[in-house]
Structures are given as C-alpha cells and as structure tokens.
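Residue numbers for the sequence shown follow our numbering, beginning at 258 and rising by one. What follows is a single structure, written as structure tokens, with notes after it.
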Amino acid sequence: MKKTAAVAAVFIILVLGCVSASAAADVAALMYHSVTEDSSRWGDYTISPEQLDEDIQYFTDRGYITMTATELAEASMADIDGRKILLLTFDDGYSNFYTDVFPVLKKHNAKATMYLIGSYINRYGYLSEDEAYEMANSGLVEIGNHTNAIHHTPVEQLVGIYNNPNSFFEVLADISSNGEILKKVTGKDITSISWPYGYFTAELDGAVKERLGYAISFSTEYGVNKYNGDTSYPLKRMNREYSLSSQEVFERAEERF
C-alpha cells in the first residue's frame with residue numbers, strides 16, 4: 258500500500274512538473290504610435306480613436322485581457338497559464354495619447370503602456386509632464402523607456418553604435434538617464450523598455466535588465482508571443498496600421514500563435 262502511495266505521489270509530482278514547464282499564455286502586443294481624428298494623417302503609423310476602440314472591444318470579446326508590460330513580466334505563470342493577453346503599447350509619447358487614447362482606455366477600463374522619450378516631454382505635439390503624471394497614476398497606464406538622445410540617431414547609425422564596444426556604456430547611460438527623467442515626472446519606477454526602431458543587441462538588452470533592473474523589453478519584430486515567463490529576449494509586437502480592420506488584426510494574430 259505504501260509503495261502504491263509513493264508511486265502515485267511521484268506521478269503527481271511529475272505531472273505537475275510537466276504542467277509547470279509547459280505553462281504558457283498567448284500574448285498579442287499591438288504597437289501604436291499616433292491616434293487622431295485627423296484623417297489626413299492616417300496611415301502606417303497613425304489610426305483613428307474609433308479603430309482603437311474597435312480593437313479593444315474586438316479582442317476583449319474574444320477573451321483577451323489587457324495588462325501593462327510590467328504586469329505581464331511580474332505575473333505568475335500559474336495565474337496566466339492558458340490565458341489570452343493583449344498588450345496595448347504606444348511609442349514616442351504624442352499628445353493625442355492623452356486627448357484621444359486615454360478616454361478610450363477609461364471607457365473600457367483597459368490598460369496600456371506608453372514608451373516616452375524624456376527630451377520630448379513638454380514639446381509641442383507631445384505629452385506634458387502633468388499629463389504623463391496623471392496617466393501614470395491612473396492605474397491604467399504604465400510609462401516605459403523609449404531612450405532619449407538615442408532616439409534622435411538614424412537607425413543606420415544605431416547599428417554601428419550598438420555594435421561598437423566603446424559605445425556600450427554610453428547607450429546604457431542614455432537609457433538610465435531617460436529612466437530617471439521619467440521617474441521624476443511620474444513618481445514611478447521605470448521597468449520596461451521599447452527599443453527605438455526595434456533595433457537592439459542581445460548584449461545591450463541583457464545589460465538593461467541585469468544592470469538597470471528592467472523587467473521586460475520589446476522590439477518591432479512582427480509577430481505574436483507564446484509567453485512562458487521568459488523575458489530574457491524582447492517580445493514581438495504587431496504594428497497597427499490604419500488599413501487593417503480589427504478582425505484582420507485578430508486573424509493575423511491567431512494565425513501566428
């Protein structure tokens with residue numbers, strides 16, 4: 258009898274171990290930039306508020322829950338195993354995030370992550386300090402790092418800079434200083450990063466997490482993620498262009514899971 262019980266216990270442990278090892282969530286990270294009612298600007302990186310509203314409704318109707326980037330990184334896999342998670346990520350910090358996106362988020366009680374460039378704050382067309390602070394403390398918006406001076410650098414030059422060992426600490430310093438700017442503005446620790454133009458190196462991405470303490474990062478590599486809790490590599494995102502419907506975005510996501 259004892260032998261049977263022992264075998265059963267071992268079997269249960271093995272089964273539980275397999276479940277744990279294979280735990281995963283379907284994570285669709287949508288990448289937005291500008292959202293505006295101005296139809297003359299709609300295109301590959303600019304959509305209307307109505308489209309954002311439709312996206313959120315469409316995905317939530319199909320069982321997706323919204324999370325911020327760091328909430329995902331800190332979630333227990335036991336809690337999100339088998340779940341469908343939608344990450345609404347926005348790059349650059351345009352002022353219409355406050356005027357056109359934030360009301361939609363509040364309408365749906367949906368969460369999003371906005372990646373800001375510190376030197377752009379308070380510029381015309383970009384978020385003000387007061388707006389960033391309000392949203393960062395709303396419970397709906399996480400403010401993330403989108404670098405500072407690095408973002409002014411053409412991508413073809415970034416390739417050389419990122420692969421130059423002599424520039425390694427300069428890049429980390431830029432990211433660190435931008436994080437400090439954002440923390441001062443929002444009063445929150447900055448724990449996620451979106452790489453400008455999606456370009457990064459494994460060494461830099463690892464250093465941002467190990468040296469600067471960031472929990473998660475994102476590239477612009479198109480695709481979706483079968484997420485198992487591993488944040489050691491940037492997650493993929495899907496650029497949300499104006500020409501797609503919510504259904505097409507959803508179907509594209511489903512095809513790639």
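Positions of the beta carbon are idealized from the N, C-alpha and C atoms, including for glycine.
Inset, instruction - Go to Glu294, then tell me how far its beta strand (DSSP E) extends in each direction, as first and last residue. - result: Counting along the chain, Glu294 falls outside any beta strand (DSSP E), and DSSP gives it neither H nor E.
Inset, instruction - Would you kindly work out how many angstroms separate the C-alpha atoms of Ala286 and Asn496, rounded to a whole number? - result: 9 angstroms
Inset, instruction - With Asn435 as the anchor, note down where its alpha helix (DSSP H) starts and where it stops. - result: 425–443
Inset, instruction - Can you tell me which of Val398, Ala393, Asn435 puts its alpha carbon nearest to the alpha carbon of Ile407? - result: Minimum Cα distance to Ile407 is reached at Asn435.
Legend entry - Nearest candidate by alpha-carbon position, reference Glu391, set Glu311, Phe347, Asn482, Thr356: Closest by alpha carbon: Thr356.
Inset, instruction - Following the continuous beta strand (DSSP E) through Met495, name the residue where it begins and the one where it ends. - result: 492–496
Inset, instruction - Put Arg509 into one of helix, strand or coil per three-state DSSP. - result: Looking at Arg509 - three-state DSSP - the assignment turns out to be helix.
Legend entry - Cα-Cα separation, Ala332 to Leu397: 16 angstroms
Inset, instruction - With a floor of 3 residues, list each beta strand (DSSP E) that falls wholly inside the segment 286–360, ordered by position along the chain. - result: Within the segment 286–360, the runs of beta strand (DSSP E) at least 3 residues long that lie entirely inside it are, in chain order, 321–323, 341–349.
Inset, instruction - Determine the burial state of Gly375: buried for a count of at least 16 other Cβ atoms within 10 Å of its Cβ, exposed for fewer. - result: buried
Inset, instruction - With a 10 Å radius around its C-beta and 16 neighbouring C-beta atoms as the bar for buried, classify Glu505 as buried or exposed. - result: exposed
Inset, instruction - May I ask which residues mark the beginning and end of the beta strand (DSSP E) holding Ala369? - result: If you look at Ala369, you'll find it in the beta strand (DSSP E) that goes 369–373.
Inset, instruction - Check whether the segment 448–455 touches the segment 464–477, counting contact only when three or more Cβ pairs, one atom from each stretch, lie closer than 8 angstroms. - result: yes
Inset, instruction - Please state whether DSSP places Gly470 in a helix, a strand or coil. - result: coil
Legend entry - Exposure label - Met258; buried when at least 16 CB within 10 Å: Unreliable placement is indicated for Met258, whose pLDDT of 49 sits below 50; no coordinate value is reported for it.
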